[in-house]
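*Asks:* So the protein lines, in turn, are chains A and B.
Sequential numbering of the first sequence, starting at 67, is according to our numbering.
Sequential numbering of the second sequence, starting at 67, is according to our numbering.
If you scroll down you'll find the structure; I have some questions about it.
Number of protein chains: 2
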Amino acid sequence: MNKQYVYMFSEGNATMRNTLGGKGANLSEMTHLGLPVPQGFVVSTDACVRYYDESMIIDDEIVREIERKLNELEIVSGKKFGDNSNPLLVSVRSGARVSMPGMMDTILNLGMNDTVAASLYKVMGITAYDSYRRLIQMFSEVAMGVDKKHFDTDMQTVLKKYDIESDHDLTLEALKDVIERYKDTYIREVGKPFPDDPKEQLLLAIESVFKSWNTPRAKYYRKLNGFSDKWGTAVTIQEMVFGNMGQGSATGVAFSRNPATGEDSLYGEFLYNAQGEDVVAGTHTPLPMSDMKITMPEIYQKFYDYAKQLEKHYHDMQDMEFTVERGNLYLLQTRSGKRTAQAAVKIAIDLVNEGVMTKEEAVNAIDVNIIDALLHPQFDRKVLKEVQSIAKGLPASPGAATGVIAFTAAQAVHYYNKGKSVILTRHETSPEDIEGMHVSSGILTARGGMTSHAAVVARGMGKSCVVGCSDIVFHKFDEATINGKVYKEGDEISIDGGTGLVYDGKLKTQEVSISEDFETILKWSDEFSKLKVYTNADTPEDVQKALDFGAKGIGLVRTEHMFFESDRIRAVREMILSQSQTQREIALKKILPMQRKDFEDIFRLMKDLPVTIRYLDPPLHEFMPTATQDIEELAKVMNITTTDLREVIRSLHEYNPMMGHRGCRLAISYPEIALMQTQALIEAAINITKETGYTLQPEIMIPLVGDVSEFNYLATRIRELSDKLIKDANVDVNYRVGTMIELPRACILADEIAVEADFLSFGTNDLTQMTYGFSRDDAGGFLNDYLDKHIYTSDPFSSLDTQGVSQLIDIAIEKARSVKPNIKIGICGEHGGDPKSIAYFKQAGFDYVSCSPYRVPIARIALGQK
Amino acid sequence: MNKQYVYMFSEGNATMRNTLGGKGANLSEMTHLGLPVPQGFVVSTDACVRYYDESMIIDDEIVREIERKLNELEIVSGKKFGDNSNPLLVSVRSGARVSMPGMMDTILNLGMNDTVAASLYKVMGITAYDSYRRLIQMFSEVAMGVDKKHFDTDMQTVLKKYDIESDHDLTLEALKDVIERYKDTYIREVGKPFPDDPKEQLLLAIESVFKSWNTPRAKYYRKLNGFSDKWGTAVTIQEMVFGNMGQGSATGVAFSRNPATGEDSLYGEFLYNAQGEDVVAGTHTPLPMSDMKITMPEIYQKFYDYAKQLEKHYHDMQDMEFTVERGNLYLLQTRSGKRTAQAAVKIAIDLVNEGVMTKEEAVNAIDVNIIDALLHPQFDRKVLKEVQSIAKGLPASPGAATGVIAFTAAQAVHYYNKGKSVILTRHETSPEDIEGMHVSSGILTARGGMTSHAAVVARGMGKSCVVGCSDIVFHKFDEATINGKVYKEGDEISIDGGTGLVYDGKLKTQEVSISEDFETILKWSDEFSKLKVYTNADTPEDVQKALDFGAKGIGLVRTEHMFFESDRIRAVREMILSQSQTQREIALKKILPMQRKDFEDIFRLMKDLPVTIRYLDPPLHEFMPTATQDIEELAKVMNITTTDLREVIRSLHEYNPMMGHRGCRLAISYPEIALMQTQALIEAAINITKETGYTLQPEIMIPLVGDVSEFNYLATRIRELSDKLIKDANVDVNYRVGTMIELPRACILADEIAVEADFLSFGTNDLTQMTYGFSRDDAGGFLNDYLDKHIYTSDPFSSLDTQGVSQLIDIAIEKARSVKPNIKIGICGEHGGDPKSIAYFKQAGFDYVSCSPYRVPIARIALGQK
């Protein structure tokens, strides 16, 4: 049997989404439900794929199949395509497996020509010619790419000629005039006459749907969302019904519940005596559905009942298109409705309470990608209505932030120390700016994309960030122009990382707290999740936020972030620049009490939950002063010349710092650093155990291990010191020593490592870098080329590479569990908070995912979903 | 049963090398062969390992075992340790599984004290006291680290006091005086009296052997050779025989064949009436073995017969120590003799011809590490006819070397670090000089024979060496006179290790051609090898050299090396800095003819052998001008301002260039580069096919592929253009398009890649970098710490990591062959010429290894070995 490429609605169902597209699958499903759906057929996505495989020609075999299905539709409808007496008209729509901007719009009234129009005129009256002129215009614009303005000109000419006010009031004569002018325009713009043959119209329309799959907009959207270019689109061909048949006719779109608030009432818009495109085109002002309840109460009630039936059937809130033709209601489309985060939560809870959904379905119904909005401070909505933005960039990390402009990391630190909230405003950021980013409330850059350094680091820090804002022009170190206005260092601005908008001055923000409904959804999610959610947090504030959001542990405390604090960076620098172990130990002694206090604060909050503390990780030069003043001050403290100090700093330079002297390599060269951190950590644990009586769970994590010998060298020393301190204090502290798995070699040798380590945590950022062989900071140079040229479908730093990197993780987990079946395994890279990556983590055998505090609720829901 | 830690010679054999050390195992084997070996026992390497495991204490259990074996030796020898009437004396020697500089020297005459000496005097005469004073001195120096100069002073005092000329002529009274003084020196320097108790002497001696395992010298040597610090050393305790019993007594060392030339005659040195250390100490001038043939013909004949028996037994040339005690010949040690590369080849061929070895054994007998010497330059013969040598010494290790004089190891390192070729010029060398020898091109000493430290170590390192050049007189640390002319540190000289001649200044060297014997060995090697040897070569000169050395293809032409040529770098820069595709194509047009000629030259030489050409690989900024003048010139050519040009150059900066925009990523961003290279390559192939009629085998290699889409994107375009060019030219060119596997992700996804690629070649340099997560350029910062702290046993860039990286290679090969069983797989990283890595490549399923031209013969032999 040959492969089937074309399906009647009655042959399909809702599960055939990938073949029929969302639209076609739902029309099929509604047909089976006995709902009033004009019948039709679907040219499948397979036909589209084949179209592209075969040099953009629709194969004869498929053309014949389309003709056969058209015959079937003629039988079902009792009408005939192009017939003089009882002609069939159809609509043609695109429909991929997910809806997608840039795809072809609907073409209505296909099948019209002069003869058909004359014949239909007898039945429909003037609507027949109105539909005809609409077909020519839509076909020209949508399928042939003719500019709308030509038709507008034609229409204006006719309206003037006949002195008619609106296109709603055209006389038969005027309409016929319009049609002739439209046909002339077509031949002028397209180069050949408007096709008279309905079948030619249909095939051209189908082909233009196929072509619309590859418009730049559609491609861009797929790139952005990581959808495959190989899915293709389906084409839905459906018998026309007419909302423009005068009195008692209407057309509109409506949600089964309010998509902004979640309130349970039909919510939407409609127009009397119109066709579908009038509602969306914005040329006529549509009426709210509440009007319909009054003017067409029976239709409204019927529609409401259908909506509830569909909600019950699909177990979700629906977004529907409908047409009323002379008092008869038809449903033209249904799909799950898009909604705000707030509505999503309310609807899910309500549907469960109404018995429409199970708790599990409610959890699955939440679109985790929009939940972010519930978790970050936002600007006051009332305020936003009143102000104008001054610039727009890419929304790189959500949340609203206000503060004074700092043009350098040093300025940021300066203002932060003065107690000011700071917006770090840079051409682009680099690892040298980390300290400045850390103390800023928001980050704004003129260059870079969604995976630029600023974007990635800001997301990791949970800070508001707008990147690629090309409206900013920098003049000097302390001045920039934003859309013509000069801003100086210290001036106030506001940025919205959720929209990419930049505002002048300090806008009012409102903190968001988790609603009761949201809390319920999160609780339900946990019930269906086999993994725990930990957090990556370095400060007591972050820790508290994560606990509020339901984190069950800390998967990553980056101790170096503590080192950047302004009151201790100098001691850290002194330590790094020490030329002897003794000198280094003196500097470490200064850091010890600060670090101990950091750990105490965290342990006190975390009580008996696990706290995974990663030892010093980044290349040392990241801590180095660059400003002359800082160098001079440090030289004085260290009692060396600035020349000597500069020489030491220079000697720390590395060609590829990402692949240099960092991670556990630092601690192996200078074990005294790891020992200081151990002393601080264990003493803190002892103190807080004494203070609170909780059984703490400190987990010491050694970074960047590639060989079990590295782990053993450090773990032996760490355990020795820890045991001694614990014994001397006579307090029970159950610390554990584990490692990050972030190098390909560590994956391959995970069995050897697992024998020695108490736990493993995958650092998927570095693992992705090393597996692909490119660094996040440098990938910007070619990643866009890769996405444009379809070499990658998504950025592996956003969502875990489930082809390659995942295989290394699978190997590692299998090897580790082969020697220690119950070893605790987590993931603490940025992928930990990414729903797409979580889908993989769920089935890969992890015990927990760890993510930034603001991603904790998202991770909880994603983990609860199927 | 308890583990055995101590073995009688009669309990061991040659296979127990790892437990008994080389010395102990061979003494055991000789015992079984019925050769005249003084009996004894071996404290095993396991005892040494346990010594270090147990905080450097010899366990009581082992002490008791030593005592039991000592009792057995007493029974076998019929003598008793410390006995008054018939005392047993023993020697104590270190012996690891491989011989190693820095280990403890021999201690002879152990078991002596006042009573024993008095008793032995009755039997041995004055030799008894001579042996006693030697024991005290050796024990003090070797086991207790007392400085030799104290004993020299004592000896000088006594010689003066009794007016005696040499220590050979001491009277009984004088000897007793010496002994008393030595004992005083001992108590003064060591802090307690010289131990009287023979058992105490023995245990202290054994412990000091254990300690010598961890001297800095021994550790450095192990690090250099990648030997494990965990092997430990054995200790051999053997009954003394005396070469210093007057007339008819002698001691010496000899090879069964000439170790410099391979000539078949006993070759060595001996001393009448002496103990072993006199021969190596250089204090007395030894006689050649040919003298012994005349003075002791029967002993000589017996020794010759034993030597031949040992050669037949071990299937190899032997290096033996012997002692003649009053007309009785004893063998004290045998081992495979170190030899020059030239001798190695001759001996192997001779032994096969004599039926002692099979061809396979002959190939396996070659030490690939010294073969280098046959492959390095010799002095130009014409030049040699015109110049006069300034001095002559012994030709200790062949090869010509020129360089600046360094009088100390530290100076040698200093000049080496400045990029200079160095001739280390010393009175004599000692183990402290190892590092200096390692960095020198040649070694020249004023004293010592063919078995002196300098000679032995230089041969081991395959370095040119002239010893015993008594024409050199040293004045200070930075000056010496050679035959009247003053030479200062840094002056240039030349030495010929094949002739022993020394020349003033820097002589011209010439390439060496492969001898007939060597050619035979290479041919035999090929017979036993399953893999082919290709070469990495970028220039016609390199290609020719590799062909001369037997390369069967080119595994890697680095096209970027061609780009650096001074006449084309500007066009390359122009291409890189182009701001549009058009601009870039103009620059590429300039490069095309040059690149085409490069390929033509190579194809012409390679004829029908495979030529694998890698497309542009390094980060673009590597090509950028940095000098102001270059930037200004380039700006002029490109018609832009220097400011703009500097900005473009700055924009090419990458944080981690190794992980940035390079490899195939360049060609994906700028396909026109790959297309220019394709055009150059295919046109060159067409031209040379027409010119020569050969069926060329060009193989196009795309670097740094991590995803099959990258490969396909480029391969499609490359094949399209190639096919068109070939079709237009109407010439048959069987080009292939393959890729390098050098990223972990490429290994994991090698099956997907192999479906599309015609061949795979592992780039193990980059693969090692990415798998370990450190770059070769930056690893210097910690790799020494890693080796010092025993975290790594060797540098993974020198020898392939056969724990981790090899697993990725195994996975890749298995996956690739699972989809394309016969796909050609090679390796073109630097590991390709490393014998240790080759051992892995042989069994991993590779078709070929590719290495630099000078490593080709080494790779051929290594591949032929088991």
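Yeah, the Cβ is synthetic: ideal placement off N, Cα and C, and Gly gets one too.
Flag Arg-883(B) as yes if its beta-carbon sits less than 8 Å from any beta-carbon of chain A, otherwise no.
*Replies:* Not one chain A Cβ lies under 8 Å of Arg-883(B).
*Asks:* Under three-state DSSP, which class holds Glu-120(B)?
*Replies:* Three-state result, Glu-120(B): coil.
*Asks:* Since Gly-985(A) contacts Gly-892(A) with CB under 8 Å, what's their CB separation in whole angstroms?
*Replies:* The question about residue 985(A) has no answer, for chain A in this structure spans 67 to 932.
*Asks:* Candidates Thr-361(B), Glu-335(B) and Met-362(B): which alpha carbon is nearest Leu-353(B)'s?
*Replies:* For the residues Thr-361(B), Glu-335(B) and Met-362(B), the minimum Cα distance to Leu-353(B) belongs to Glu-335(B).
*Asks:* Since Ile-37(B) and Ile-734(A) are thought to touch, with beta carbons under 8 Å apart, how far apart are those beta carbons, to the nearest angstrom?
*Replies:* With chain B covering 67 to 932 only, the question about residue 37(B) has no answer from this structure.
*Asks:* For Asp-710(B), would you say it is in contact with chain A, using Cβ-to-Cβ distances shorter than 8 Å as the test?
*Replies:* Not an interface residue.
*Asks:* Could you tell me the boundaries of the alpha helix (DSSP H) in which Pro-264(B) lies?
*Replies:* From DSSP, the alpha helix (DSSP H) with Pro-264(B) extends over 264–278.
*Asks:* For Thr-834(B), count the other beta carbons within 10 Å of its own beta carbon; 16 or more makes it buried, fewer makes it exposed. Which is it?
*Replies:* Buried: at least 16 other Cβ atoms inside 10 Å.
*Asks:* What residue range is occupied by the uninterrupted alpha helix (DSSP H) comprising Ile-635(A)?
*Replies:* Residues 635–642.
*Asks:* Let me check understanding here. Comparing Cα to Cα, which of Ile-413(B), Ser-860(B), Val-479(B) and Val-677(B) lies closest to His-504(B)?
*Replies:* Nearest of Ile-413(B), Ser-860(B), Val-479(B) and Val-677(B) to His-504(B), Cα basis: Val-479(B).
*Asks:* In angstroms, rounded to a whole number, what distance separates the CA positions of Asp-570(B) and Ser-496(B)?
*Replies:* Distance between the alpha carbons of Asp-570(B) and Ser-496(B): 25 Å.
*Asks:* Listed in chain order, which residues of the region 715–742 of chain A have Cβ atoms closer than 7 Å to some Cβ of chain B?
*Replies:* The residues in question are Glu-720, Tyr-721, Asn-722, Pro-723, Met-724, Met-725, Gly-726, His-727, Arg-731, Ile-734 and Ser-735.
*Asks:* Which runs of the alpha helix (DSSP H), 4 residues or longer, sit entirely within the region 818–847 of chain A?
*Replies:* Segments of the alpha helix (DSSP H) lying fully in the region 818–847 of chain A: 830–838.
*Asks:* If Leu-174(B) and Met-221(B) are in contact, beta carbons under 8 Å, what's the gap, nearest whole angstrom?
*Replies:* The pair is not a contact, with the Cβ atoms about 17 Å apart (cut-off 8 Å).
*Asks:* Are the region 831–850 of chain A and the region 720–729 of chain B touching, with three or more C-beta to C-beta distances below 8 Å?
*Replies:* Cβ pair count under 8 Å is three or more, so yes.
*Asks:* Is the region 663–677 of chain B in contact with the region 602–614 of chain B, if contact means three or more CB pairs nearer than 8 Å?
*Replies:* Cβ pair count under 8 Å is three or more, so yes.
*Asks:* Closer than 8 Å, Cβ to Cβ, to anything on chain A: give me those residues from the region 324–336 of chain B, in chain order.
*Replies:* Here the close residues number zero.
*Asks:* Does the region 873–887 of chain B come close enough to the region 577–589 of chain B to have 3 or more Cβ pairs within less than 8 Å?
*Replies:* No, they do not touch.
*Asks:* At a Cβ threshold of 8 Å, is Met-836(A) touching chain B?
*Replies:* Yes, contact with chain B.
*Asks:* Only counting runs of 4 or more residues, tell me where the alpha helix (DSSP H) segments fall wholly within the region 190–261 of chain A, in order along the chain.
*Replies:* Whole alpha helix (DSSP H) segments, 4+ residues: 193–204, 214–228 and 238–256.
*Asks:* So for Pro-764(A), helix, strand or coil by DSSP?
*Replies:* Reduced to three states, the DSSP call for Pro-764(A) is strand.
*Asks:* Buried or exposed: Pro-282(A), going by 16 or more other Cβ atoms within 10 Å of its Cβ?
*Replies:* Counting Cβ neighbours within 10 Å, Pro-282(A) comes out exposed, since fewer than 16 surround it.
*Asks:* Say whether the region 693–703 of chain B touches the region 780–794 of chain B, bearing in mind that this needs 3 or more beta-carbon pairs closer than 8 Å, one atom from each stretch.
*Replies:* As far as the Cβ criterion goes, the region 693–703 of chain B does not touch the region 780–794 of chain B, which means the pair count is below three.
*Asks:* Consult DSSP for Thr-692(B) and reduce its assignment to one of helix, strand or coil.
*Replies:* Coil.
*Asks:* To the nearest angstrom, how far is the alpha carbon of Val-411(A) from that of Ile-432(A)?
*Replies:* Rounded to the nearest angstrom, the two C-alpha atoms are 7 Å apart.
*Asks:* May I have a chain-ordered list of the beta strand (DSSP E) segments no shorter than 3 residues that lie completely inside the region 111–164 of chain B?
*Replies:* Qualifying beta strand (DSSP E) stretches, in chain order: 156–161.
*Asks:* Are the beta-carbon atoms of Pro-919(B) and Thr-601(B) separated by less than 8 Å?
*Replies:* Yes, these two residues count as a Cβ contact at 8 Å.
*Asks:* Short of 8 Å Cβ to Cβ, which residues in the region 849–864 of chain B face chain A?
*Replies:* Answer set for the region 849–864 of chain B: Asp-851, Tyr-852, Lys-855, His-856, Ile-857 and Tyr-858.
*Asks:* Which chain A residues are close to Phe-840(B), counting only those with a beta carbon under 7 Å from its beta carbon?
*Replies:* By Cβ distance, chain A contributes Met-725 and Gly-726.
*Asks:* Pull out every residue of the region 776–787 of chain A whose Cβ sits closer than 8 Å to any Cβ of chain B, in chain order.
*Replies:* Cβ contacts with chain B come from Glu-776 and Tyr-779.
*Asks:* Can you grab the Cα-Cα spacing for the pair Lys-404(B) / Met-96(B), in whole Å?
*Replies:* Distance between the alpha carbons of Lys-404(B) and Met-96(B): 19 Å.
*Asks:* Residues of chain B with CB under 7 Å from Leu-815(A), in chain order?
*Replies:* Ordered by position in chain B, the residues that pass the 7 Å Cβ test against Leu-815(A) are Gln-869 and Gly-870.
*Asks:* Leaving out five residues before and five after Lys-484(B) in sequence, what residues of the same chain have Cβ atoms less than 6 Å from its Cβ?
*Replies:* Around Lys-484(B): no qualifying Cβ.
*Asks:* Output, in sequence order along the chain, the residues in the region 443–456 of chain A whose CB is closer than 7 Å to any CB in chain B.
*Replies:* Listed in sequence order: no entries.
*Asks:* Would you say Gln-873(A) lies against chain B (beta-carbon separation less than 8 Å)?
*Replies:* Cβ-Cβ to chain B under 8 Å: yes for Gln-873(A).
*Asks:* Using C-beta distances below 6 Å, list every residue in its chain close to Asp-499(B), excluding the 5 sequence neighbours before and after it, in chain order.
*Replies:* Here the set comprises Ala-475.
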